[in-house]
Structures are given as structure tokens and as C-alpha cells.
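Just below is one structure, and these are the notes that go with it.
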Ligand SMILES: [Zn+2]
Ligand SMILES: [Zn+2]
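Residue numbers (UniProt numbering): 1 to 118.
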């Protein structure tokens, strides 16, 4: 197949095509960034919904005999025989840590398990 277009001209066409493509991509990216920013703001708002007091109070508190984990909120290891709250998703936190957390956000800080809200 013989092309009637000279290599120089072909290169120019390619360059123009690339420029067009980049312009297009930039335009799409602006839109995408706006959408993502809006989405993350909405997400932040919904994260800051506190769990209901009754759901916090109904959480199971148990004494840890031989704790192997640490509390993911204060990052301190559970001490022997200390009391911890067990979330329905089976994640453990200090009673006071998770109670304080759930008054700010109804999500489990580890797995985003959702606690009931008003
Ligand atoms: Zn803690
Ligand atoms: Zn969890």
C-alpha cells in the first residue's frame, strides 16, 4: 500500500491528533475531578453521622483474657483482662474509644461496618 501523504505531513497530522486528544483528555479530567471531589465531600458528610446512643449502648462489652490485638483507634495494645467493646463486625476497641468514635461516625473504623443512625 502506497501512501500519497509525505512522512513529514503525516507526522504533523499525528501531532495535531495528539494535541486534540490531550485537549479532550484534559477536559474529561476536569469533569472527572469535579465529580470525584463532589463525591468525596458527600462521602465525608455521610461518614460524620453519629450512631444512635442505643446502638452504642447495646454493643457487647467483653473482658479480654489473652488479647492479641491492639485498639485501632488509640493504637494501644489491649492489656490482660481489660474490657473491650466487640462491634457486630467482630472488631474490638476500648469501650471508651469506640463510644467516642461512634458519637462522631457510625462506621467501624476498620471495615466501615455501618451502625444504625437516626
Ligand atoms: Zn483504644
Ligand atoms: Zn469492623
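Note that CB positions come from ideal geometry on N, CA and C, so glycine has one too.
Because the structure is a prediction, the values reported are computed rather than measured.
- Distances taken from the Cβ of residue 91 to the heavy atoms of ligand 1 include none shorter than 7 angstroms.
- For residue 70, no alpha helix (DSSP H) encloses it, and the DSSP letter there is neither H nor E.
- Look at residue 85 here: in three-state DSSP terms it is strand.
- For residue 100, the uninterrupted alpha helix (DSSP H) segment begins and ends at 95-102.
- Counting every other CB atom within 10 Å of its CB across the protein chains shown gives residue 89 a total below 16, marking it as exposed.
- Distances from the CB of residue 69 to the heavy atoms of ligand 1 are all 7 angstroms or more.
- Annotation for residue 56 indicates a beta carbon at 7 angstroms or more from all heavy atoms of ligand 1.
- Residue environment: residue 98 is assigned as buried (16 or more neighbouring CB atoms within 10 Å of its CB, all protein chains considered).
- Distance from the CA of residue 68 to the CA of residue 48, rounded to the nearest whole angstrom, comes to 30 angstroms.
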